[in-house]
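2 protein chains.
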Amino acid sequence: MPRSQVTVGYKIWLSADGKAFGEGPYLLLQGIAKTGSLRQAAREMGMSYRKAWGILRECEKKLGFTLIERKVGGSSGGYSKITPSGHELMKHYGQFCDEIKKSIDNAFHKNLDAFVKSQKIRHIHK
Amino acid sequence: MPRSQVTVGYKIWLSADGKAFGEGPYLLLQGIAKTGSLRQAAREMGMSYRKAWGILRECEKKLGFTLIERKVGGSSGGYSKITPSGHELMKHYGQFCDEIKKSIDNAFHKNLDAFVKSQKIRHIHK
DNA sequence: TTGCGTTATTGTTAAATGAACATAACGAGG
DNA sequence: CCTCGTTATGTTCATTTAACAATAACGCAA
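Sequences listed follow chains A and B, in order.
All the letters of the first sequence, read from the start, carry residue numbers 1 to 126 under my numbering.
All the letters of the second sequence, read from the start, carry residue numbers 1001 to 1126 under my numbering.
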């Protein structure tokens, strides 16, 4: 079996007392903005509510400001709603990541693409 | 206790059948180039030989070409030596990461620096 | 007052990861 | 033949992380 294509992978996050905000929380906030509910946002991502709840809890703790406004009870059961700060963060983080993606694609093509393609595949046993 | 400064963190790696090469292997190769021995390179990084050996083994398996030439036995016990392909990879990967670091620093300053500084710190209890 | 769906919170269990230890093979030189 | 330092590899234990389960609290509407 020949070796699969070599590509580049990366993760990028905001750090404050450790990892404070990254792609996971960002996608969760997008889901909440769309559905109005943390539970539904988690479900759509195939993530347990338990995990989604813990993720946002940690983010807010480390960032030092709230990302979602919670409402418990009521006819609909409750809801979650992105705070103004949360919206700002989503906007800036989104733009930030878009730029980085372009830079990484460019740098990969410039520095590594030709090299990895030039490597002849050797079978390494065991 | 006020919230610590918000910075950006990231990891970047070459992917082929999963993570195939990143900063850890890169530092190991640097140590081998310097010392001529995988064992000494691992020791200098505070890493067990067992782990260092496994890391490079996986890298070579996934990349599909060898990174170090091994010699077992002899008066010195043996040695490890970077292959030509390994040297090429180190060079290109190093340049690649240097570029990315600059891009990320620029993009962070441009998109997020002002925002994170503007956030008033609120104490979130529990 | 009861039901419903959501948020909030705590355990419990399983899986992945890493650390520590042990042992074998090798081969040049004394 | 024996020593020595390295590569090679398996095994066991501890730690961390992720997944899963269960339960409480809330508040509007019927």
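From the three backbone atoms N, C-alpha and C, an ideal C-beta is built for every residue, glycine too.
Computed from a predicted model, the values in this text were never measured in an experiment.
Exposure label - residue i; buried when at least 16 CB within 10 Å
| i | result |
| --- | --- |
| K62 of chain A | buried |
| K1126 of chain B | A caution first: K1126 of chain B carries a pLDDT of 36, below 50, which makes its placement in the model too unreliable to give a value. |
| E60 of chain A | buried |
| A114 of chain A | exposed |
| G1077 of chain B | exposed |
| H1123 of chain B | At H1123 of chain B the pLDDT is 48, less than 50, meaning the model places this residue with poor confidence; the figure from the coordinates comes in the next sentence. By the 10 Å Cβ count, H1123 of chain B comes out exposed. |
| G1064 of chain B | buried |
| S1075 of chain B | exposed |
| S1118 of chain B | exposed |
| S37 of chain A | buried |
| G18 of chain A | exposed |
Spatial distance of residue i from residue j (CA atoms)
| i | j | result |
| --- | --- | --- |
| G86 of chain A | V1006 of chain B | 15 Å |
| I100 of chain A | R43 of chain A | 29 Å |
| P25 of chain A | K1081 of chain B | 43 Å |
| K91 of chain A | R1050 of chain B | 45 Å |
| S48 of chain A | I68 of chain A | 18 Å |
| K97 of chain A | K11 of chain A | It should be noted that the sequence gives Cys, not Lys, for residue 97 of chain A. So the two alpha carbons sit approximately 10 Å from each other. |
| N1106 of chain B | R1039 of chain B | 38 Å |
| L28 of chain A | K34 of chain A | 10 Å |
| K102 of chain A | K110 of chain A | 12 Å |
| T83 of chain A | T1083 of chain B | 54 Å |
| Q1030 of chain B | L89 of chain A | 38 Å |
| R1057 of chain B | V72 of chain A | 52 Å |
Beta-carbon separation (whole angstroms), residue i vs residue j, contact threshold 8 Å
| i | j | result |
| --- | --- | --- |
| I55 of chain A | A41 of chain A | About 11 Å; that fails the 8 Å criterion. |
Output the residue ranges of the alpha helix (DSSP H) runs that lie fully inside the stretch 47-79 of chain A and measure 4 residues or longer, sorted by chain position. 49-63
Residues of the stretch 34-63 of chain A with a CB closer than 8 Å to any CB of chain B: list them in chain order, please. E60, K61, K62, L63
Taking only runs that begin and end inside the stretch 4-50 of chain A, name each unbroken beta strand (DSSP E) of 3 or more residues, in chain order. 7-15, 19-21
Could you run through the stretch 65-83 of chain A and flag, in chain order, every residue whose CB is less than 8 Å away from some CB of chain B? F65, T66
Could you list the residues in the stretch 7-32 of chain A with a C-beta less than 8 Å from some C-beta on chain B, going in chain order? T7, V8, G9, Y10, K11, I12, W13, L14, S15, A16, D17, K19, A20
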